[in-house]
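Counting along the sequence shown from 1, when you hit position 234 you're at 504 in this note's numbering, and nothing is skipped either side.
C-beta atoms are modelled at their ideal positions from N, C-alpha and C, and glycine is treated no differently.
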Amino acid sequence: MQTSPAFLYGESIFTSSRAKDGQLFFKDFHLERLFSGIENYYLGKELESDQKKALLEKIDNFLMDLEGSEEFRVRLTMFANPRNGILPDDFTFEDLNLSCEANKLSESQMPVSLKTYPSPFSLDYPNLKMGSYMPLLRLKLMARRSGADDALLLDNQGGVIESTTSNIVFYKGSELYTPKKRILNGTIIKSLKEEFNLIDQEIKLKDVKEFDGAFLTNSVNIITPVSKVDEVSYELDTDRPARIKDALLTRGYNEK
271 MQTSPAFLYG ESIFTSSRAK DGQLFFKDFH LERLFSGIEN YYLGKELESD
321 QKKALLEKID NFLMDLEGSE EFRVRLTMFA NPRNGILPDD FTFEDLNLSC
371 EANKLSESQM PVSLKTYPSP FSLDYPNLKM GSYMPLLRLK LMARRSGADD
421 ALLLDNQGGV IESTTSNIVF YKGSELYTPK KRILNGTIIK SLKEEFNLID
471 QEIKLKDVKE FDGAFLTNSV NIITPVSKVD EVSYELDTDR PARIKDALLT
521 RGYNEK
């Protein structure tokens with residue numbers, strides 16, 4: 271069944287501004303933001319001149335309908351056609367759609383109050399499985415374009431976190447290790463801690479060569495062996511992941 275990636279994953283490139291008398295506020299800035307986002311995420315290359323021309327024509331026609339003294343809140347959104355699976359092999363320009371929306375602008379001069387919360391990248395952030403995958407899908411696309419299959423995420427100190435849609439587990443001898451810092455504490459990680467004594471440990475990128483191997487975990491694929499991290503290659507151990515997967519399948523389908 272084909273599904274909307276914009277609906278399921280929050281996958282879109284957009285810019286928002288205001289418009290009056292058919293003019294977009296800071297038009298050049300917003301068009302550059304929109305075009306560079308399309309190039310970076312969807313295409314992995316520069317838009318061709320005729321593609322830019324087609325987009326500009328649609329945007330200009332849309333803005334012409336907004337003539338008059340009233341101001342409008344405008345959002346220009348690029349999104350992909352419905353598809354099967356989380357990602358295609360790549361996108362073409364023909365896969366993309368441009369939505370132009372406008373609503374009458376209602377401004378308020380009242381001050382706003384603010385409340386602080388942990389950022390999504392903080393260890394204190396709620397452990398929620400959210401639908402907006404786009405920043406991670408972007409990294410997965412970049413990895414594929416480089417010849418890899420997925421991206422392994424690092425923090426700004428070179429610490430390993432997880433892949434774009436899976437947690438990661440490393441093993442050495444009989445011991446299993448997973449990065450202490452994770453975006454999401456996945457279901458499989460919890461089960462591995464209970465049944466296989468999985469150890470939380472700070473793991474730096476420089477440490478990955480010290481392990482015998484690694485695998486990714488999520489509730490769809492359960493266990494996916496890792497063959498390589500950057501230039502570090504692992505000898506594949508098919509027996510260990512298979513045993514762990516069988517145990518997890520038995521437990522997972524018997525959970526009440």
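Grab me the residues of D365's own chain with a C-beta within less than 7 angstroms of its C-beta, minus the 5 sequence neighbours each way, in chain order. If we look at D365 and ignore the five residues flanking it on each side, its Cβ neighbours are A350 and N351.
R343 and S286: beta carbons closer than 9 angstroms? Against a cut-off of 9 angstroms, the Cβ pair of S286 and R343 comes out as a contact.
Using 8 angstroms for Cβ pairs, my map puts A484 next to Y504. What's the rounded Cβ distance? 6 angstroms between Cβ atoms; contact.
Here's the rule I'm using: 16 or more other beta-carbon atoms within 10 Å means buried, otherwise exposed. How should E432 be labelled? Under a 10 Å Cβ-count criterion, E432 is classified as buried, with 16 or more other Cβ atoms of the shown protein chains found around its own Cβ.
Backbone CA spacing between F392 and T494 [nearest angstrom]: The amino acid at residue 392 is misidentified as Phe; the sequence shows Ser. Rounded to whole angstroms, S392 and T494 show a C-alpha spacing of 27 angstroms.
Buried or exposed by the 16-neighbour rule on C-beta atoms within 10 Å, applied to M380: It is exposed - the Cβ of M380 has fewer than 16 other Cβ atoms within 10 Å.
Three-state secondary structure (DSSP) at T520? In the structure shown, T520 sits in a helix (DSSP, three-state: H, G or I).
Inspect the CB distances between the region 368 to 376 and the region 392 to 411 and report whether three or more fall short of 8 angstroms. Output reads no: the region 392 to 411 does not touch the region 368 to 376.
L506, buried or exposed, once every other Cβ within 10 Å from all chains shown has been counted against 16: An exposed status is given to L506, since fewer than 16 other beta-carbon atoms sit within 10 Å of its beta-carbon.
In three-state DSSP terms, what is P275? Note: P275 maps to helix in three-state DSSP.
Report the option in L398, A418, F440 and K450 whose CA atom is closest to the CA atom of D425. Residue K450 is the option with its Cα nearest to D425.
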